[in-house]
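Take a look at the structure set out below.
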DNA sequence: CCTGATAGTGATAATGATTATCATTTGCAT
DNA sequence: ATGCAAATGATAATCATTATCACTATCAGG
């Protein structure tokens, strides 16, 4: 990425000032609502560029990619299959164990993704189901 | 799934007699090569039906779903970003820690997916030669 | 200042994986 | 045998994403 264009600044700003996990279409629509419309192709290119520059991060959820701020500590995700909400967690011990697994398997880790699927507290209560 | 049709048996058999992580197109092509051609739509429907019946399992990799046998113990995956190979591992301690995280967050877990990305031993050694 | 090179944009076509449609076939159960 | 729901297969449609291409913006050098 040679230039942080106006459009890419808008994308980066949107992501950085929120805790949301954005997909490309949401970003395009939100920017459009704010009167700073950015073409959908530009959004995709911008997201890819910003990610490879380390300015944002992504997770692959189901069949689409979602982007979030990179300026926070590494974490993994709890995903509610009922309402789609995403909660973050960190667990240093799991991180360390993952590293051990890689060592055991002579595997050099570039990154990892731990997704836990289930039902969040709110949804569980709405359904009247107990833990 | 009311009936385990001839086509679904073929799909299930293919997956169960291998350790491969199959995508729909691979299954369609392989069955076709074996002279038991199955329409691609039927492959998709069969995979979904077999999975919801618990007969096979899937992981979402990049932008496509891959299916594998369900008749083996739970495990997670090491994915080589260089050659695409998938190695399995199990780590009971991580499993337990995940459960703890869910309890701490009042989250009821349905399942999880731990993917570790990196470079396998073979590819790391080959990088000295070429690529 | 010009000018040329090139990164970036935006509209849109194309792609790849997956799902929906619909006419036809299959496998039970009466 | 008959009826009927499930399943199939060809194909259209959809959805997320990438490629194309003409155009614009930015920057470095003359």
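Chains as they are written, first to last, in my numbering: chain W, 57 to 187; chain L, 57 to 187.
Where is the CB? At the ideal position from N, CA and C, for every residue including glycine.
Owing to the predicted nature of the structure, the values given are computational and were not obtained by experimental measurement.
For this session: Any chance you could list the beta strand (DSSP E) runs of at least 3 consecutive residues sitting entirely within the stretch 99-167 of chain W, in chain order?
Result: Along the length of the stretch 99-167 of chain W, whole beta strand (DSSP E) runs at least 3 residues long occupy 112-117, 120-125, 132-136 and 142-145, reported in chain order.
Problem set entry | Secondary structure of residue 60 of chain W, DSSP reduced to three states | In the three-state DSSP reduction, residue 60 of chain W falls in the coil class, being neither helix nor strand.
For this session: Compile a chain-ordered list of the residues in the stretch 155-178 of chain W whose CB is closer than 7 Å to at least one CB of chain L.
Result: 157, 158, 161, 162, 163, 164, 165, 166, 167, 168, 169, 170, 171, 172, 173, 174, 175, 176 and 177
For this session: Could you tell me the distance, in whole angstroms, from the CA atom of residue 185 of chain L to the CA atom of residue 140 of chain W?
Result: Bear in mind that a pLDDT of 45 at residue 185 of chain L, under 50, signals an unreliable position, so the number given afterwards is only what the model happens to contain. In this model, residue 185 of chain L and residue 140 of chain W are separated by some 46 Å (Cα to Cα).
For this session: Let me know if residue 149 of chain W comes out buried or exposed under the rule of 16 or more other beta-carbons within 10 Å of its beta-carbon.
Result: exposed
Problem set entry | Integer Cβ distance of residue 112 of chain L from residue 106 of chain L, believed to fall under 8 Å | Contact flag correct, Cβ pair sits at about 5 Å.
Problem set entry | Near-chain L residues of the stretch 128-143 of chain W - C-beta to any C-beta below 8 Å | The stretch 128-143 of chain W vs chain L, Cβ under 8 Å: 134, 136, 137 and 143.
Exercise. Name the DSSP bridge partner or partners of residue 86 of chain L?
Worked result: According to DSSP, which records beta bridges pairwise, residue 86 of chain L is partnered with nothing at all.
Exercise. When the cut-off is 9 Å and only beta carbons count, does residue 153 of chain L lie next to chain W?
Worked result: yes
Exercise. In whole angstroms, what separates the C-alpha of residue 128 of chain W from that of residue 142 of chain W?
Worked result: In a straight line, the C-alpha of residue 128 of chain W is about 16 Å away from that of residue 142 of chain W.
Exercise. First and last residue of the alpha helix (DSSP H) that includes residue 178 of chain L?
Worked result: 177-182
Exercise. Do residue 171 of chain L and residue 135 of chain L come within 9 Å of each other at the CB atom, strictly closer than that value?
Worked result: yes
Problem set entry | Sequence-distant residues of its chain with Cβ nearer than 7 Å to residue 71 of chain W (five each side left out) | The answer, listed in chain order, is 78, 112, 123, 124 and 125.
Exercise. Going by the beta-carbon positions, is the gap between residue 137 of chain W and residue 173 of chain W smaller than 9 Å?
Worked result: Using a Cβ distance threshold of 9 Å, residue 137 of chain W and residue 173 of chain W count as a contacting pair.
Problem set entry | Inter-residue CB distance, residue 80 of chain L and residue 100 of chain L (contact presumed, cutoff 8 Å) | 5 Å
Exercise. Mind checking if residue 96 of chain L is an interface residue toward chain W, Cβ cutoff 9 Å exclusive?
Worked result: Chain W has no Cβ within less than 9 Å of the Cβ of residue 96 of chain L.
Exercise. To the nearest angstrom, how far is it from the Cα of residue 69 of chain L to the Cα of residue 102 of chain L?
Worked result: For residue 69 of chain L and residue 102 of chain L, the distance between alpha carbons rounds to 12 Å.
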